[in-house]
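**Q**
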Amino acid sequence: MRLFYAIQLPQGVKEYLSNIQSVIKNNSIKGNFSYIDNFHLTLAYIGEVDGKEEKVLREILHTSYNGEKQFSLVIKGIGNFKRGNKDILWAGIEDNQKLIALQSTLVKNLIKEGFTLEKRPFKPHITLAREVVLKEQGLKVSFPPYNFNVEKISLMNSLRVKGRLTYIPIETVNLV
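Under the UniProt record's numbering, the residues of the sequence shown are numbered 1 to 176, in order.
1. Please return the same chain residues whose Cβ sits closer than 6 Å to the Cβ of GLU94, not counting the five positions on each side in sequence.
2. Flag this pair as yes or no: are the beta carbons of LEU61 and VAL173 separated by less than 7 Å?
3. Alpha carbon to alpha carbon, how far is ASN19 from GLY12?
4. In chain order, which continuous runs of the alpha helix (DSSP H) of length 4 or greater are located wholly inside the stretch 83-156?
5. SER34 by DSSP, collapsed to three states: which one?
6. From the DSSP secondary-structure annotation, give me the bridge partner or partners of GLY163.
7. Please report how far the alpha carbon of ASN32 lies from the alpha carbon of ALA129, in whole angstroms.
8. Measure the Cβ-Cβ separation of LEU3 and VAL49 and say whether it is below 7 Å.
9. Kindly confirm or deny that the stretch 39-53 and the stretch 119-126 touch, where touching means at least three C-beta pairs closer than 8 Å.
10. In angstroms with no decimal places, state the Cα-to-Cα distance between LYS82 and PHE115.
11. Can you tell me whether ASP37 is buried or exposed? The criterion is at least 16 other CB atoms within 10 Å of its CB, across all chains shown.
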């Protein structure tokens, strides 16, 4: 199974992001747009694991986040990562020290248990679309910031269900 840790988003946030996505779709020639149910904020990507590792990853989730309080984040701005001549478009997250601290705690606990992680710096974002080709280069899409509470953090399984990429929480910590 292919696993990652993520902040699950409330339905209102997903609808807000879907509205942004619609504007991008209308201004794109093509793209692979994330399904509304798949919107999330990745904290750490693990990759393929076996059953023994999965058990340890579930424990790390609880070690890292049991007893943590809810906190708020702000979605602010649209950006992109370049991949050749195609873009990955994302909604950004305003700088938040609590988020950085929680992600750092998770990474330290994963490394302590022997997991190898990507070396890229943590850039909090929510992927809206991949392989996007815009009708007009330099298209500016702006939306008002959106504030929301982080209520749960999950260990997620990435798998295909009837040919569709689906993210399923297999273990969750509810923040208090």
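Yeah, the Cβ is synthetic: ideal placement off N, Cα and C, and Gly gets one too. None of the values given here were measured: they were computed from a predicted structure.
**A** Put simply:
1. One-based indexing of the sequence shown puts residue 94 at position 94. VAL74, LYS76.
2. One-based indexing of the sequence shown puts residue 61 at position 61. One-based indexing of the sequence shown puts residue 173 at position 173. The beta carbons of LEU61 and VAL173 sit closer together than 7 Å.
3. Counting from 1 along the sequence shown, the entry for residue 19 is found at position 19. Counting from 1 along the sequence shown, the entry for residue 12 is found at position 12. For ASN19 and GLY12, the gap between their C-alpha atoms comes out near 11 Å.
4. Listed in chain order, the complete alpha helix (DSSP H) runs (minimum 4 residues) inside the stretch 83-156 are 97-112.
5. Numbered from its first residue, the sequence shown carries residue 34 at position 34. In this structure, SER34 counts as coil in the three-state DSSP scheme.
6. On the sequence shown, position 163 is the one that residue 163 refers to. BP columns for GLY163 are empty, so no partner.
7. The sequence position of residue 32 within the sequence shown is 32, counting from 1. The sequence position of residue 129 within the sequence shown is 129, counting from 1. Roughly 5 Å separates the two Cα atoms.
8. For this step, residue 3 is matched to residue 3 along the sequence shown. For this step, residue 49 is matched to residue 49 along the sequence shown. Cβ atoms of LEU3 and VAL49: closer than 7 Å.
9. Contact between the stretch 39-53 and the stretch 119-126 is present, because at least three Cβ pairs lie under 8 Å.
10. Here residue 82 is taken as the residue at index 82 of the sequence shown, counted from 1. Here residue 115 is taken as the residue at index 115 of the sequence shown, counted from 1. As the crow flies, the alpha-carbon of LYS82 is around 28 Å from that of PHE115.
11. Mapped onto the sequence shown, residue 37 falls at position 37. It is exposed - the Cβ of ASP37 has fewer than 16 other Cβ atoms within 10 Å.
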